[in-house]
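Student: Here the protein sequences line up with chains A and G, keeping their order. Using the working numbering, you'd call the opening residue of the first sequence number 1 and step up by one each time. Using the working numbering, you'd call the opening residue of the second sequence number 632 and step up by one each time. Idealized CB from N, CA, C, for every residue including glycine. Please find one structure pasted underneath; my questions will follow.
2 protein chains.
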Amino acid sequence: MPLHKAKDKWHAALKKINFSKAARHTEIEVEEALGRITTAPVFAGHSSPSHNVAAMDGIAVHFADLASASDASPVRLTEKQFKAVNTGNALPLEFDAVVMIEDVHQVDNGEVELAIPATPWQHVRTIGEDIVATELIIPEGHTIRPIDQGAMLATGVTTISVKEAPRMVVIPTGSELIQPGTTPEPGQIIEFNSRILAGYLNEWGAVASGAFPVSDDKEKLQEAITDAAAENDVVIINAGASAGTRDYTSTVLAELGEVVVHGVAIKPGKPVILAIVDDTPVVGLPGYPVSAILTMRLFVRDMINDFMDIKPMEPQWTTARMSRPVHSAMGVDEFVRITLGQVGEELMATPAGKGAGAVMSLVRGDALLTLPVGSEGAGAGEEVQVELLRPLSDVQSTLVAIGSHDNIIDVLANLLHKGQQTIRISSAHVGSMGGIMAIKRGEAHLAGSHLLDEESGEYNISFIKRFLKGIPLQLINLCYRQQGLIVAKGNPLHITGLNDVASKNLRFINRQNGAGTRLLTDKTLRDLGITPDAINGYDHEEYTHMSIAASIANGSVDCGMGILAAANALNLDFVPVAEERYDLIIPKQFMEDIKIMALLELIHNSIEFKTLVDRLGGYSLRDSGNLIYEQ
Amino acid sequence: MPLHKAKDKWHAALKKINFSKAARHTEIEVEEALGRITTAPVFAGHSSPSHNVAAMDGIAVHFADLASASDASPVRLTEKQFKAVNTGNALPLEFDAVVMIEDVHQVDNGEVELAIPATPWQHVRTIGEDIVATELIIPEGHTIRPIDQGAMLATGVTTISVKEAPRMVVIPTGSELIQPGTTPEPGQIIEFNSRILAGYLNEWGAVASGAFPVSDDKEKLQEAITDAAAENDVVIINAGASAGTRDYTSTVLAELGEVVVHGVAIKPGKPVILAIVDDTPVVGLPGYPVSAILTMRLFVRDMINDFMDIKPMEPQWTTARMSRPVHSAMGVDEFVRITLGQVGEELMATPAGKGAGAVMSLVRGDALLTLPVGSEGAGAGEEVQVELLRPLSDVQSTLVAIGSHDNIIDVLANLLHKGQQTIRISSAHVGSMGGIMAIKRGEAHLAGSHLLDEESGEYNISFIKRFLKGIPLQLINLCYRQQGLIVAKGNPLHITGLNDVASKNLRFINRQNGAGTRLLTDKTLRDLGITPDAINGYDHEEYTHMSIAASIANGSVDCGMGILAAANALNLDFVPVAEERYDLIIPKQFMEDIKIMALLELIHNSIEFKTLVDRLGGYSLRDSGNLIYEQ
């Protein structure tokens, strides 16, 4: 079912149960009302000030008594004709002005002498000057701020009627779910979706909580849904990703009530179920967190506003230029997480990973790009409209690093973020050659590169001359680092080098084409006279050192080329092959950019940076920050 | 002391006690960490997925076994060569691809037949595909969102270190303070400031609460401050407005610690005290709520950010044009509350009242205008930069009504605000002639007017022809209403009309020049042959019907001209003088404005509107919504 049709059907079903404006009213203390929404206009209970009040320290007088007062002939007032008052004191009813103490001349017998006439009500805050009793203070449908509480309390209003937010519960389902804090066995999945989902619902204005997971048992699921529907305004089922769980949910919902929509042509999020059980909306979300969140944004967020009859927040859009193409699946509305970078004049948009399970794509994502049904995608260089997920000012303080990954980039990212200017690094790991291409296309502020020129034995420079001709840039060393074979702890297969991988038919894992490590692997293989097809797993490519190491730690492969830091991080062993140079390519147009300057300042002068890198191991910073080449 | 100097001295004093970045770290559960700020980078505890996982329902295979598969010669796999998997199931280590169930042909003996080759790792989410163990997930100084919680929980991180917000307490002082819910006697003031102030501090990121008021007793105040300083990171003293209270605070602070600043050249807010007691900052705020809030914005808001080492929110500025002049007090930085209205192309700024006690000026205020030391103010028509206090989109959905006040405007304001489009009415009560002038200057969308032409006996039209010549507009009737003398309940002075006011020398209260009611008063006086100086209080002017009524209810005057609705609202009696016509003047350029259309729709068709007006009493809606005149 297309998205717009699913939305229409769902709205019709919600209308039938009068879901819109269904929020209950509740009477609460004004003191507890911060952020709540009024359900009735609030009128002042009494005036403020509630009496005429002195606005200065001095004496209260009757202004007419002073009509003739002047320096030449001051007026003398008897004790009965005035009263001493301080700021804030109520003015006795018979007086209609206050004379400042500075202008009062004390004489004998408790009398005073005044040399200036008074105007009516001078230095008096008259009754109701600020708020008059019965005046409208706060209209219906207003969100209470601290100052509104003050205005109400000041005029004797102590309780008001406000809307209750919809109660929602997120029920995770699936026997494979385990609680956070447990280490998952194969096939087990840590249940954290309900917490994320409830977090978003609360952020959007609901009162939501996560329930304990329900296992793949039809009766238990029936009971859980029936109970939840009785106690909540909306029930969210977060199905596990396994087939069994998915089937139970739709079957149970069809038995308990009416399934309005099952399956929507969106990606991610296709298997969404929208149902009504006992006049309560029940939303079955897909199991993958990213699908679940995006589906909830599409179908549940507006429900909260409708329930409370409040205007939804306007989504923030911005225009960006695609740094690389993104292709759309046929026949669905597709929602692509995008990272943004202000690189020179252009706001560049880069897809942050399309997988439904890719939590990090949403952690790192700055914006959402919608590719509607019928769209083939967006081409490189194309201008697109994207919905911002974080403020544009955050995006503008983001340093875009595209290229080869190194753990030092994480260290720098953290040190920059915690600094006063809170610069973020958005780093895309596409290998050294990918970084050079990103610099060429103007997508990145900097690229990390360790490309070995087999002929000269030199790093990076010949590639820059070939691919970045005419682009003024500096090549600055970040570090030297050890490359080698990452192997299991204790090196149980006694691997000594790539020759063993071929001769013993070991399970190898490779880096992608264009990666500096791949060049080093290929060169070493050629030097050893080994052809790629002799390597089992040569075609199994991963994009970062850490992914290589993780596969070895997990036992799914025996070895792969990578850096010592990655082996150390996962407590693996390491067979050194070479030390290589890792440099940063920075176009000259960004050398005065405050973000690049902050980065170079860290590299040059931060003791914390040096200490953290030393702790990682396998690095030498002997040339760090030095200019290697410029053009 | 000038503001900038006071700020410098205060910053120096805070530096001496190392207040900046003083936030404590605390270890909390990730599940409780929403909105908290990390104090250390967070690295993935394990990878996600933690194992290779099937991304489809089907069978796990070894891709190499299917290399030769084709329609012509399908490959047959024995039970040992594959394993049935559902989406989300872990892949046994020996397999490296998944074939979708749709492509699997079941044959006998539990064997399967496949006609398509597989690529390595197809339909498999490989280990660490989303997050690799030890990878940086969240940098230091990051504010936790729901998705960040998800990413941490997904990788086995269950506790993190976050910053603690500064603890703050607001201590109200003054024997005149009483608790909300009590009716104030003369001289008593309801204590609500501490609640408003703590509300703002919490909004700005502190953990703040209000304390019980301390009476004007030096020892009690000493004890309260000493205790509070020991238990909090910042202590706020909200002095009562009376001289005694103010003096105690500064004396006590000087005895307990060091007074850094006492008195700053700002308006409102002059008497602020900034002190350090036992290495704890203590801020003495003025007693008036508006002064207190504005002073807190100047001196305390940044302290919260400094304490937690976070980037302050950028203030939002906008350009507006002054609708009328505002004059600045000499020698101070002055902060003027401004209401804004998007009237045609122009964003018009109108001062919302300058009094320090004017809570409603901040309730209604859309923005703050700063008039720096040395500035003489801002002239009518001058462009000014103002700091927004509410989103510009709210301002743009505001209908600006300037002119004569009528309670029906409050009714309309409430009905419009609660509607789907949430239109606000910003209504300035400046009398009918003030409204006509506002229309002439292009400041208002509409003006309420009831100006009597003594010669013709007609309302409004002759004034429009004279003062709004050449401006295309419509004059639309809102209501007819009774005008008369508002008198005390039971009319104890047996007032029958204005002749009694003169002959019995009663205490009268008048409306301001230009008000329709003032014209009616003047005409009646002339008709009766009474001169203004025969009326006691002729010069005591108020700006709304409700202010007139409030003064009578309070007993400070005996009578004043006004409308029945105002008398009814405060349970007063009413001596009719005449029925008058109250119209709305609307320039034609706004007739297509969605806000004006919504207003006219209400007037024409809303049963709720008619019911509420009937309930007020004294109105006739017989011509309501009818076009009276146009040009």
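Could you check where the beta strand (DSSP E) with G:GLN1113 kicks off and where it finishes?
Tutor: Position 482 of the second sequence holds residue 1113 of chain G. Unbroken beta strand (DSSP E) run through G:GLN1113: 1104-1118.
Student: If you follow the alpha helix (DSSP H) that A:PRO289 is part of, which residue opens it and which one closes it?
Tutor: Locating residue 289 of chain A in the first sequence gives position 289, counting from the first residue. Where A:PRO289 is concerned, the enclosing alpha helix (DSSP H) stretches over 289-299.
Student: CB G:GLY1030 to CB G:GLY972, shorter than 9 Å?
Tutor: Reading the second sequence from its first residue, position 399 is the one you call residue 1030 of chain G. Reading the second sequence from its first residue, position 341 is the one you call residue 972 of chain G. As written in the sequence, residue 1030 of chain G is Leu, which differs from the Gly given in the question. Result yes, Cβ atoms of G:LEU1030 and G:GLY972 sit closer than 9 Å.
Student: Got a sec: which bits of the region 185-198 of chain A sit with their beta carbon under 9 Å from any beta carbon on chain G, in order along the chain?
Tutor: Going along the region 185-198 of chain A in chain order, one finds GLU185, PRO186, GLY187, GLN188, ILE189, ILE190, GLU191, PHE192, ASN193, ARG195, ILE196, LEU197, ALA198 with a Cβ nearer than 9 Å to chain G.
Student: Would you tell me roughly how many angstroms separate the C-alpha atoms of A:GLU223 and G:GLY1256, rounded to the nearest one?
Tutor: Locating residue 223 of chain A in the first sequence gives position 223, where the first residue counts as 1. Locating residue 1256 of chain G in the second sequence gives position 625, where the first residue counts as 1. Using only the alpha carbons, I get a separation of about 57 Å.
Student: If we ignore side chains and look at the alpha-carbon of each, how far apart do A:HIS105 and A:GLY58 end up?
Tutor: Residue mapping note: residue 105 of chain A aligns to position 105 of the first sequence, counting from 1. Residue mapping note: residue 58 of chain A aligns to position 58 of the first sequence, counting from 1. Their Cα atoms are separated by approximately 11 Å.
Student: Check each residue of the region 742-763 of chain G: if its Cβ is closer than 9 Å to any Cβ of chain A, include it; give the result in chain order.
Tutor: If the cut-off is 9 Å between Cβ atoms, the region 742-763 of chain G has THR750, PRO751, TRP752, ARG756, THR757, ILE758, GLY759, GLU760, ASP761, ILE762, VAL763 near chain A.
Student: Quick test of the definition: if touching needs 3 or more C-beta pairs under 8 Å, does the region 656-670 of chain G touch the region 778-793 of chain G?
Tutor: Output reads yes: the region 778-793 of chain G touches the region 656-670 of chain G.
Student: For the alpha helix (DSSP H) that G:SER992 lies in, which residues bound it at each end?
Tutor: Position 361 of the second sequence holds residue 992 of chain G. Start and end: 990-995.
Student: List, in chain order, every chain A residue whose beta-carbon is nearer than 9 Å to that of G:ALA728.
Tutor: On the second sequence, position 97 is the one that residue 728 of chain G refers to. Chain A residues near G:ALA728: none, gap ~11 Å exceeds 9 Å.
Student: Between which residues of its own chain and A:PHE609 is the CB-CB distance below 8 Å, once the five residues before and five after are set aside?
Tutor: Position 609 of the first sequence, counted from the start, is the residue given in the question as residue 609 of chain A. Answer for A:PHE609: VAL411, LEU412, LEU415, LEU602, ILE603, listed in chain order.
Student: Going by alpha carbons, who is nearest to G:ALA1133 out of G:TYR1111, G:ILE1161, G:SER1187?
Tutor: Within the second sequence, residue 1133 of chain G is the residue found at index 502, counting from 1. Closest option to G:ALA1133, Cα to Cα, is G:ILE1161.
Student: Closer than 7 Å, Cβ to any Cβ of chain A: which residues of the region 836-852 of chain G, in chain order?
Tutor: So nothing in the stretch comes that close.
Student: So which residues on chain A does G:MET991 lean against when the C-beta distance must stay under 7 Å?
Tutor: The sequence position of residue 991 of chain G within the second sequence is 360, counting from 1. What G:MET991 touches in chain A: ASP130, ILE131, ALA151.
Student: Could you tell me which of A:ALA358, A:ASN238, A:LEU256 sits nearest to A:THR226, measuring between CA atoms?
Tutor: Walking along the first sequence from the start, residue 226 of chain A turns up at place 226. When each option's Cα is compared against that of A:THR226, the closest is A:LEU256.
Student: Would you kindly report the start and end of the unbroken alpha helix (DSSP H) that includes A:LYS311?
Tutor: As a position in the first sequence, residue 311 of chain A is number 311, starting the count at 1. No alpha helix (DSSP H) contains A:LYS311, which DSSP labels as neither H nor E.
Student: Suppose you measure from the CA of G:ALA715 to the CA of G:ALA691; what does that come to, to the nearest Å?
Tutor: The residue you call residue 715 of chain G lines up with position 84 of the second sequence. The residue you call residue 691 of chain G lines up with position 60 of the second sequence. Using only the alpha carbons, I get a separation of about 6 Å.
Student: With distances taken from CA atoms, which of G:LYS851, G:PHE726, G:ALA906, G:ALA1200 is nearest G:ARG756?
Tutor: Numbered from 1 along the second sequence, position 125 holds the residue referred to as residue 756 of chain G. With distances taken between Cα atoms, G:ARG756 lies closest to G:PHE726.
Student: Should A:HIS316 go down as buried or exposed, given a rule of 16 or more other Cβ atoms within 10 Å for buried?
Tutor: Taking the first residue of the first sequence as position 1, residue 316 of chain A is located at position 316. The amino acid at residue 316 of chain A is misidentified as His; the sequence shows Gln. When all chains shown are included, A:GLN316 counts as exposed.
Student: What do you get for G:LEU1159, buried or exposed, if any count of 16 or more other CB atoms within 10 angstroms of its CB means buried?
Tutor: Working through the second sequence from its first residue, we reach residue 1159 of chain G at position 528. Label assigned to G:LEU1159: exposed.
Student: Keeping to the same chain, check which residues put their C-beta closer than 6 Å to that of A:ARG76; ignore five residues upstream and five downstream.
Tutor: Reading the first sequence from its first residue, position 76 is the one you call residue 76 of chain A. Around A:ARG76: GLU111, GLU113.
Student: By the criterion of Cβ-Cβ separation under 7 Å, what are the contact partners of G:HIS773 in chain A?
Tutor: As a first step, residue 773 of chain G is located in the second sequence; it is residue number 142 there, counting from the start. Chain A residues near G:HIS773: HIS417.
Student: Which runs of the alpha helix (DSSP H) spanning at least 4 residues fall entirely within the region 1181-1209 of chain G, listed in chain order?
Tutor: As far as the region 1181-1209 of chain G is concerned, its whole alpha helix (DSSP H) runs of at least 4 residues are 1195-1200.
Student: Can you tell me which of G:VAL1017, G:MET783, G:ALA1059 puts its alpha carbon nearest to the alpha carbon of G:THR950?
Tutor: The residue given as residue 950 of chain G occupies position 319 in the second sequence. The candidate whose alpha carbon is nearest that of G:THR950 is G:VAL1017.
Student: Would you please verify whether the beta carbon of G:MET1177 is less than 9 Å from any beta carbon of chain A?
Tutor: The residue you call residue 1177 of chain G lines up with position 546 of the second sequence. Closer than 9 Å to some Cβ of chain A, the Cβ of G:MET1177 qualifies, so yes.
Student: Spatial neighbours of A:SER375 within its chain, please: C-beta separation below 6 Å, excluding the five flanking residues on both sides.
Tutor: The residue given as residue 375 of chain A occupies position 375 in the first sequence. The residues are SER328.
Student: So for A:LYS469, helix, strand or coil by DSSP?
Tutor: Taking the first sequence and counting its residues from 1, the one referred to as residue 469 of chain A is at position 469. Coil at A:LYS469, not helix or strand.
Student: In the DSSP output, which residue or residues are listed as bridge partners for A:TYR200?
Tutor: Numbered from 1 along the first sequence, position 200 holds the residue referred to as residue 200 of chain A. DSSP lists no partner for A:TYR200.
Student: Report buried or exposed for A:GLU258, applying the criterion of at least 16 other Cβ atoms within 10 angstroms of its Cβ.
Tutor: Taking the first sequence and counting its residues from 1, one reaches residue 258 of chain A at position 258. Exposed, by the Cβ-count rule.
Student: According to DSSP, which residues form a beta bridge with A:PHE43?
Tutor: Taking the first sequence and counting its residues from 1, one reaches residue 43 of chain A at position 43. BP columns for A:PHE43 point to A:LEU136.
Student: Taking only beta-carbon positions, decide if A:SER47 is within less than 9 Å of chain G.
Tutor: Along the first sequence, one-based indexing puts residue 47 of chain A at 47. With 9 Å as the cut-off, A:SER47 counts as an interface residue toward chain G.
Student: Name the DSSP bridge partner or partners of G:SER679?
Tutor: Position 48 of the second sequence, counted from the start, is the residue given in the question as residue 679 of chain G. Answer is G:ILE762.
Student: If distances are taken between C-alpha atoms only, which option among A:ASN407, A:ASP366, A:PRO271, A:PRO120 comes closest to A:PRO391?
Tutor: One-based indexing of the first sequence puts residue 391 of chain A at position 391. When each option's Cα is compared against that of A:PRO391, the closest is A:ASP366.
Student: Check each candidate in G:THR1242, G:ALA764, G:LEU665, G:ILE827 and name the one with the smallest Cα separation from G:PRO920.
Tutor: In the second sequence, residue 920 of chain G corresponds to position 289, counting from 1. The shortest C-alpha separation from G:PRO920 is found at G:ILE827.
Student: The beta strand (DSSP E) that contains G:ASP964, what's its start and end?
Tutor: In the second sequence, counting from the first residue as 1, residue 964 of chain G sits at position 333. Start and end: 964-974.
Student: Among G:SER1035, G:HIS1060, G:ALA1009, which one has its Cα closest to the Cα of G:ARG995?
Tutor: Within the second sequence, the letter at position 364 stands for residue 995 of chain G. Of G:SER1035, G:HIS1060, G:ALA1009, the residue nearest in Cα terms is G:HIS1060.
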